[in-house]
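Have a look at the structure below before the remarks.
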Amino acid sequence: MRTHHNLYVHTPIRPYVHTYGFAAMLSGLLLFAAFPPLEWSLLAWVALVPLLLVSASSAPRVAFRCGFLAGVVFWLLSLVWLTRVSWVGWFFLCLYCALFMACFTLTVSWWIARKGLRSRLGNPLMVLSIPAVWVGWEYLRAMLFSGFPWNLLGVSQYANLRLIQTAEVGGVYLVSYLVVLVNAALALILIQYIRRQPGEPLRMHSELLVALLGIALAQLYGTMALRRLPAATDTLKVAAVQVNIPQLEKWSEVWTAAINNRLRRTSLHAIEHCAPDLIVWPETVVPDFVRTSPVSQRVVADVIRHGTSVLMGSMDFDDSGRAIKYFNSAFLYQPGGSAPQTYAKRHLVLFGEYIPLEQWIPFLRVLTPTEESFTPGREATVFRLGRRAFSVLICFEDTVAGLARDCVRAGARALINQTNDAWFDPSWASRQHMAQCVFRCVENRVSAVRATNTGITCFIDRQGRIVSFLGRAEGPLPDPDYLMHAVALPPADMPLTFYTRHGDVLALGCAAFTLTLLMAMVWLRRNH
Numbered sequence: 025m026r027t028h029h030n031l032y033v034h035t036p037i038r039p040y041v042h043t044y045g046f047a048a049m050l051s052g053l054l055l056f057a058a059f060p061p062l063e064w065s066l067l068a069w070v071a072l073v074p075l076l077l078v079s080a081s082s083a084p085r086v087a088f089r090c091g092f093l094a095g096v097v098f099w100l101l102s103l104v105w106l107t108r109v110s111w112v113g114w115f116f117l118c119l120y121c122a123l124f125m126a127c128f129t130l131t132v133s134w135w136i137a138r139k140g141l142r143s144r145l146g147n148p149l150m151v152l153s154i155p156a157v158w159v160g161w162e163y164l165r166a167m168l169f170s171g172f173p174w175n176l177l178g179v180s181q182y183a184n185l186r187l188i189q190t191a192e193v194g195g196v197y198l199v200s201y202l203v204v205l206v207n208a209a210l211a212l213i214l215i216q217y218i219r220r221q222p223g224e225p226l227r228m229h230s231e232l233l234v235a236l237l238g239i240a241l242a243q244l245y246g247t248m249a250l251r252r253l254p255a256a257t258d259t260l261k262v263a264a265v266q267v268n269i270p271q272l273e274k275w276s277e278v279w280t281a282a283i284n285n286r287l288r289r290t291s292l293h294a295i296e297h298c299a300p301d302l303i304v305w306p307e308t309v310v311p312d313f314v315r316t317s318p319v320s321q322r323v324v325a326d327v328i329r330h331g332t333s334v335l336m337g338s339m340d341f342d343d344s345g346r347a348i349k350y351f352n353s354a355f356l357y358q359p360g361g362s363a364p365q366t367y368a369k370r371h372l373v374l375f376g377e378y379i380p381l382e383q384w385i386p387f388l389r390v391l392t393p394t395e396e397s398f399t400p401g402r403e404a405t406v407f408r409l410g411r412r413a414f415s416v417l418i419c420f421e422d423t424v425a426g427l428a429r430d431c432v433r434a435g436a437r438a439l440i441n442q443t444n445d446a447w448f449d450p451s452w453a454s455r456q457h458m459a460q461c462v463f464r465c466v467e468n469r470v471s472a473v474r475a476t477n478t479g480i481t482c483f484i485d486r487q488g489r490i491v492s493f494l495g496r497a498e499g500p501l502p503d504p505d506y507l508m509h510a511v512a513l514p515p516a517d518m519p520l521t522f523y524t525r526h527g528d529v530l531a532l533g534c535a536a537f538t539l540t541l542l543m544a545m546v547w548l549r550r551n552h
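Residue numbers (this note's numbering): 25 to 552.
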């Protein structure tokens, strides 16, 4: 029996890939260029071709190394903004994420060797299964160890309006699938062209037809979806305040008065000129606990006495138990003096907001910028202003699709993302973050408001359009600003999308297929 190694060493494709390392790094660079800050999104449709050529022409162990190299290049560049918080965290997170791309190339390399590329049925099967393997590993990255669903491949297409409408069926993972489908078709065609024997006639490439059909159907679906979206039945006039306080100054006691003055002055200006129903302040915008701070409560009172509600981010605590629990929370204050509605952030950032096993490994605390670990909230909160309902996603929660689904299923008809990306200024983190939020709107057919400390503040409609935009603050101390928009609200009895109702069934199926291949590979290696 021939080994996998012999299957690859004698293939004629090897002379065309001068160095596997170069091909892997090229894929990593192309992937990076497809996302913000460059946003050359068309490159995503070919970025994986060099890596797939390597996977088809090398032993699985070599393919694994090349996939890891491509992942390291992509993630080190994409997440370089994390160095402003932790060099160590940035480095090890990038290595961790790169492992998933390595597992992708390992699985594809073994799968191509097992199935081959000669049969009429095998090629369409291969071009359909390679994207499934990619989505499977992408989903596992988004779920394992609290998950890191940042820069999923489909997010690179956030400005491709027709294509992303398919997310209401399969989420951002369906867009990822379609992008890899084209990459796989191009790679398989190149592989067979290179391997073609002299005098062998050219044939119709069924894998290309499969990819073209998939993209055509996606574009057709997107066109129809844009036309049939039901009209909104209500609006919520929102003013999103961008305070523009540098992160290093935010927690300084001498800045407390300045922050409160900026909030008061900007909010009152918005009320005078726009008369909003709701003013939104960013995540943890006040440098104290609003429940126990007379100063912060006076600022809120100065605003709501004009008849406008305020949604603000603040730290919160619960001292009713044996130990004090701290929360990253949102508070909705309404005119009339009643107690505020609250929401506690559910999906905390590992090593950013909590330390796993900190009771047993206390020295891990040096890896987090916070003094105390936060406690996660338990459920989605639907805030109500009369008959108008919305929910809050704090910070990176808008990258977790399941949280947005929970909110909409609970009755929310708009999403508000309160965030503070100033931790990473100046960088492209805020633009990458904004791109993720676009998909929460399309997946659930609700609009979103992003209120940030230093940008990017924006409004996103139910079709995924960024309809109003306030860029990242520039300069040492820019003035505060706000963005005003009438947010369209669908009716309370709106039909839920397939994705809202059923979630990541596509990604789950792909993950099951991927793990089946992985188990088969391990079993065959042990038994042969």
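The beta carbon of each residue, even a glycine, is placed where N, CA and C say it ideally should be. Note that the structure is predicted; figures quoted are calculated from it, not measured.
Query - Other residues of its chain near Ala122: CB distance less than 7 Å, five sequence neighbours each side excluded - result: Your numbering for residue 122 matches position 98 in the sequence shown. Cβ neighbours of Ala122 beyond the five flanking positions: Phe92, Gly95, Val96 and Trp99.
Query - Leu212: CB within 7 Å of a non-hydrogen atom of the ligand GTP - result: Of the ligands one can find in the structure shown there are none, so the ligand GTP has no counterpart to examine.
Requested in this report: Quickly, what does DSSP pair His509 with across the bridge? List them, please.
Outcome: Along the sequence shown, one-based indexing puts residue 509 at 485. DSSP lists Val262 as partners of His509.
**Report entry** Range of the contiguous beta strand (DSSP E) that encloses Met336
**Finding:** Locating residue 336 in the sequence shown gives position 312, where the first residue counts as 1. Segment Ser333 to Asp342, the beta strand (DSSP E) holding Met336.
Query raised in the report: Counting pairs of beta carbons, one from the segment 282-300 and one from the segment 254-270, are three or more of them closer than 8 Å?
Result: yes
Query raised in the report: Whose C-alpha, out of Ala368, Trp135, Val196 and Leu250, is nearest the C-alpha of Met545?
Result: What you label residue 545 is simply residue 521 of the sequence shown in a count that begins at 1. Answer by Cα proximity: Trp135.
Query raised in the report: With distances taken between CB atoms, is the gap from Thr129 to Phe88 smaller than 8 Å?
Result: As a working note, residue 129 is residue 105 in the sequence shown. As a working note, residue 88 is residue 64 in the sequence shown. Cβ atoms of Thr129 and Phe88: closer than 8 Å.
Report task. Mind the definition here: the segment 428-447 touches the segment 455-473 only if three or more C-beta pairs lie below 8 Å; say whether that holds. Result -> yes
Query raised in the report: When you compare only the Cα positions, how much space is there between Arg108 and Leu101?
Result: For this step, residue 108 is matched to residue 84 along the sequence shown. For this step, residue 101 is matched to residue 77 along the sequence shown. Cα-Cα distance, rounded: 14 Å.
Query raised in the report: Using the beta-carbon count (16 or more within 10 Å), is Glu207 buried or exposed?
Result: Against the sequence shown, residue 207 aligns to sequence position 183. Checking the sequence, you will find Asn at residue 207 rather than Glu. When all chains shown are included, Asn207 counts as buried.
Query raised in the report: In this structure, does DSSP put Arg186 in helix, strand or coil?
Result: For the purposes of this step, residue 186 is taken as the residue at position 162 of the sequence shown. Arg186 falls in the helix class under three-state DSSP.
Report task. Please work out which residues of its chain come closer than 8 Å, Cβ to Cβ, to Ala536, disregarding the five sequence neighbours upstream and downstream, and give them in chain order. Result -> By 1-based counting over the sequence shown, the position of residue 536 is 512. Excluding sequence neighbours, Ala536 sits near Gly160.
Report task. Following the continuous beta strand (DSSP E) through Ala472, name the residue where it begins and the one where it ends. Result -> Here residue 472 corresponds to residue number 448 of the sequence shown, with the count starting at 1. Segment Ser471 to Thr476, the beta strand (DSSP E) holding Ala472.
Query - Cβ-Cβ distance between Thr478 and Ala453 below 8 Å - result: By one-based count along the sequence shown, residue 478 stands at place 454. By one-based count along the sequence shown, residue 453 stands at place 429. Contact flag unset, no.
Query raised in the report: Who pairs with Val416 in a beta bridge, going by DSSP?
Result: The sequence position of residue 416 within the sequence shown is 392, counting from 1. Answer is Ile440.
Query raised in the report: For the 8 Å Cβ check, are there 3 or more pairs between the segment 463-480 and the segment 299-307?
Result: yes
Requested in this report: Reducing DSSP to helix, strand and coil, say where Ala83 ends up.
Outcome: Stepping through the sequence shown from its first residue, residue 83 is reached at position 59. Three-state DSSP puts Ala83 in coil, outside helix and strand.
Query raised in the report: Going by the beta-carbon positions, is the gap between Val466 and Ala191 smaller than 8 Å?
Result: Position 442 of the sequence shown, counting from 1, holds the residue named residue 466. Position 167 of the sequence shown, counting from 1, holds the residue named residue 191. Cβ distance < 8 Å, so Val466 and Ala191 count as in contact.
Query raised in the report: On the premise that Leu202 lies in contact with Gly238, defined as a C-beta separation below 8 Å, what is that separation, rounded to the nearest angstrom?
Result: In the sequence shown, counting from the first residue as 1, residue 238 sits at position 214. In the sequence shown, counting from the first residue as 1, residue 202 sits at position 178. About 6 Å separates the two Cβ atoms, so the contact holds.
Requested in this report: Could you work out which residue in Ala294, Pro400 and Leu541 is closest to Arg138 when comparing CA atoms only?
Outcome: Reading the sequence shown from its first residue, position 114 is the one you call residue 138. Minimum Cα distance to Arg138 is reached at Leu541.
**Report entry** Segment contact flag, the segment 65-83 with the segment 406-413, C-beta cutoff 8 Å, min 3 pairs
**Finding:** no
Requested in this report: Name the two residues that bound the continuous beta strand (DSSP E) containing Thr405.
Outcome: As a position in the sequence shown, residue 405 is number 381, starting the count at 1. Unbroken run through Thr405: none, as it is neither H nor E.
**Report entry** CA-to-CA distance, Ile188 to Thr35, given in whole angstroms
**Finding:** Here residue 35 is taken as the residue at index 11 of the sequence shown, counted from 1. Here residue 188 is taken as the residue at index 164 of the sequence shown, counted from 1. Bear in mind that a pLDDT of 48 at Thr35, under 50, signals an unreliable position, so the model cannot answer this.
Query raised in the report: If you compare alpha carbons, which of Val112, Leu103 and Tyr182 is closest to Leu487?
Result: If you number the sequence shown from 1, residue 487 lands on position 463. Note on residue identity: the sequence assigns Gln, not Leu, to residue 487. Nearest option by C-alpha distance: Tyr182.
Query raised in the report: Taking only runs of the alpha helix (DSSP H) that begin and end inside the segment 101-161, which ones reach a length of at least 4 residues, in chain order?
Result: 111-139
Query raised in the report: Terminal residues of the continuous beta strand (DSSP E) containing Ile609?
Result: The structure shown does not extend to residue 609, since the chain is modelled only from 25 to 552, so the question has no answer here.
**Report entry** Identity of the residues DSSP links to Gln365 by a beta bridge
**Finding:** As a first step, residue 365 must be located in the sequence shown, where it is residue number 341. Its beta-bridge partners are Leu356.
Query raised in the report: Where do the N-terminal and C-terminal ends of the beta strand (DSSP E) with Ile269 fall, by residue?
Result: Counting from one through the sequence shown, the residue named residue 269 turns up at place 245. First-last for Ile269: undefined, no H or E at that position.
Query raised in the report: Across which residues does DSSP place Phe483 in a beta bridge pair?
Result: On the sequence shown, position 459 is the one that residue 483 refers to. DSSP, once it has assigned bridges, lists Val473 and Ser492 as partnering Phe483.
Report task. Using the DSSP secondary-structure output, state which residues sit across from Ile215 in a beta bridge. Result -> Here residue 215 corresponds to residue number 191 of the sequence shown, with the count starting at 1. Looking at the DSSP assignment, Ile215 forms no beta bridge with any residue, so it has no partner.
Query raised in the report: For the putative contact between Gly401 and Arg370, defined by C-beta atoms under 8 Å, what is the C-beta separation to the nearest angstrom?
Result: If you number the sequence shown from 1, residue 401 lands on position 377. If you number the sequence shown from 1, residue 370 lands on position 346. The Cβ separation is near 5 Å, so the contact holds.
Query raised in the report: Between Asn352 and Ile213, what straight-line distance do the alpha-carbon atoms span, to the nearest angstrom?
Result: Position 328 of the sequence shown, counting from 1, holds the residue named residue 352. Position 189 of the sequence shown, counting from 1, holds the residue named residue 213. Using only the alpha carbons, I get a separation of about 51 Å.
Requested in this report: Determine the DSSP secondary structure at Ile348, reduced to helix, strand or coil.
Outcome: The residue you call residue 348 lines up with position 324 of the sequence shown. Correct three-state label for Ile348: coil.
Requested in this report: Apply the 10 Å Cβ neighbour rule to Glu162 and answer buried if 16 or more other Cβ atoms are within range, or exposed otherwise.
Outcome: Along the sequence shown, one-based indexing puts residue 162 at 138. By the neighbour-count rule (16 or more Cβ atoms within 10 Å), Glu162 is buried.
Requested in this report: Please name the residue in Gly194, Tyr217 and Leu164 whose C-alpha comes closest to that of His526.
Outcome: Translated into the one-based positions of the sequence shown, residue 526 becomes position 502. For His526, the nearest C-alpha among the options comes from Gly194.
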